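Read through the structure below, which is laid out as structure tokens, and then see the notes.
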Amino acid sequence: MDACLDAIIHGILQQRKHFQNVYNAAPLEIKTHLSKNFLATDFEFRHTSDSLLQYTCGRRAEIIQQRRSVYKPINKTLNELLHAIPPSNTHLFAEPQLGDLIKEHGGIHKFFPIRKHLIAVNKSKLHNKTATKHERSQNYKRFNDRRPNYRSPAQSQTKKASFNRFHVW
109 MDACLDAIIH GILQQRKHFQ NVYNAAPLEI KTHLSKNFLA TDFEFRHTSD SLLQYTCGRR
169 AEIIQQRRSV YKPINKTLNE LLHAIPPSNT HLFAEPQLGD LIKEHGGIHK FFPIRKHLIA
229 VNKSKLHNKT ATKHERSQNY KRFNDRRPNY RSPAQSQTKK ASFNRFHVW
């Protein structure tokens, strides 16, 4: 969701930039018309554009705040210290400040402990991968059964056994 809102915000800002370039290259009479009909503060186009940009930026800020709130160390003091670090342009927490805080207070596991339910989830994912391999082998058998004149190894052995029993060979 965050990436989607980033793309929308980028698109709105690019649209404004291109509009500004067209406005700057336009003759004086067109600039007057554009200023009066598109750039005036009481005009609906400007109001809608500003509202859309404000909404998407606000929604993105809410999502970033929700993502930051997921990280809650067990220790309340560490939690307060962690959430006092502002987000950077690229990460949920400013990198230099986060690195210093982690070094000062005993390492990454103090802030982001491994939870037991996550270990259980990972084990179930491994089990599901095994089931997927089993399903693949089942599909392979079904594929072979559809081929004309195909005999499974079990069928081939029973034919030989039946021939040997009747001494056909």
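Residue numbers (our numbering): 109 to 277. From the three backbone atoms N, C-alpha and C, an ideal C-beta is built for every residue, glycine too. Only a predicted model underlies this, so the values are computations on that prediction, with no experimental measurement involved.
If you drop the 5 nearest sequence neighbours on each side, which residues of the same chain put their C-beta closer than 8 angstroms to that of residue i?
i    : result
D110 : R168, I171, I172 and R175
S196 : A202 and E203
P181 : N187, L190, K218, F219, F220 and P221
L200 : I172, R175, R176 and Y179
Hey, residue i and residue j: beta-carbon distance below 8 angstroms or not?
i    : j    : result
Q179 : L190 : The sequence shown places Tyr at residue 179, not Gln. Going by C-beta atoms, Y179 is nearer than 8 angstroms to L190.
K218 : L186 : yes
I216 : Q205 : no
Using a Cβ-Cβ cut-off of 6 angstroms (strictly less than) and excluding sequence neighbours within five positions of residue i, which residues of its own chain qualify?
i    : result
L142 : Y131
A184 : Position check: residue 184 holds Lys in this sequence, whereas Ala was assumed. Correct list: empty, nothing qualifies.
Residues in its own chain within less than 7 angstroms of residue i by CB, not counting five upstream and five downstream?
i    : result
F146 : F153 and R154
A134 : L142
F151 : N145
I210 : I216 and F219
D208 : none
H213 : L186
Note the first and the last residue of the continuous alpha helix (DSSP H) segment covering residue i.
i    : result
S157 : E152 to V178
A133 : D110 to A133
K139 : L136 to L142
I210 : E203 to E212
H217 : I216 to F219
H191 : K184 to A192
Quick one: is residue i near chain C, going by C-beta distance under 8 angstroms?
i    : result
L121 : Given the protein chain composition of this structure (a single chain), no chain C is represented.
### Query
Between the stretch 117–124 and the stretch 149–167, do at least 3 Cβ pairs fall closer than 8 angstroms?
yes
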